[in-house]
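Student: Under this note's numbering, think of the first position of the sequence shown as 951, with each following residue one higher.
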Amino acid sequence: MIEIVYFAWVRERIGLPRERIETTAATVADLVEELRGREERYAAAFSDVSALRVALDQELSEFEAPLSGVREVAFFPPMTGG
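#1: Pick helix, strand or coil for glutamate 962, following the three-state DSSP scheme.
#2: How about tyrosine 956 and arginine 968: do their beta carbons lie closer than 8 Å?
#3: Are there 16 or more other CB atoms within 10 angstroms of the CB of leucine 1010, so buried, or fewer, so exposed?
#4: Taking just the CA atoms, how far does glutamate 953 sit from threonine 977?
#5: Specify, as a first and last residue, the run of the alpha helix (DSSP H) that leucine 1010 falls within.
#6: Specify the secondary structure class of glutamate 969 as computed by DSSP and reduced to three states.
#7: Over the uninterrupted beta strand (DSSP E) stretch that includes alanine 1024, give me the two end residues.
#8: If you draw a straight line from the alpha carbon of alanine 1005 to that of glutamate 989, how long is it in whole angstroms?
Now the structure itself:
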């Protein structure tokens, strides 16, 4: 099982703040493809991954990163300082 956390407009489009799922995805990109195939709301949220950032176990990561041993994946839009 892996915990997926959604922030900001990603959470709004999916309609959930978090969920636990079983996955066979090897990388974050594989997980995104798996999620896109679930329902239209996921396809909408992940339609443009260039507009998203990902963190694995609370550390900023890349979409090509492996999921082996990861307990939590968080998806969020880029943050800006100010």
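No residue lacks a Cβ here, since even glycine has one placed at the ideal position from N, Cα and C. It should be emphasised that the depicted structure is a prediction, and the values quoted were computed from it without experimental measurement.
Tutor: Answer, in terms of the structure:
#1: helix
#2: yes
#3: exposed
#4: 14 Å
#5: Careful: leucine 1010 lies outside any alpha helix (DSSP H), inside the beta strand (DSSP E) at 1009-1011.
#6: strand
#7: DSSP places alanine 1024 inside the beta strand (DSSP E), whose first and last residues are 1022-1026.
#8: Take the alpha-carbon of alanine 1005 and the one of glutamate 989: they are about 23 Å apart.
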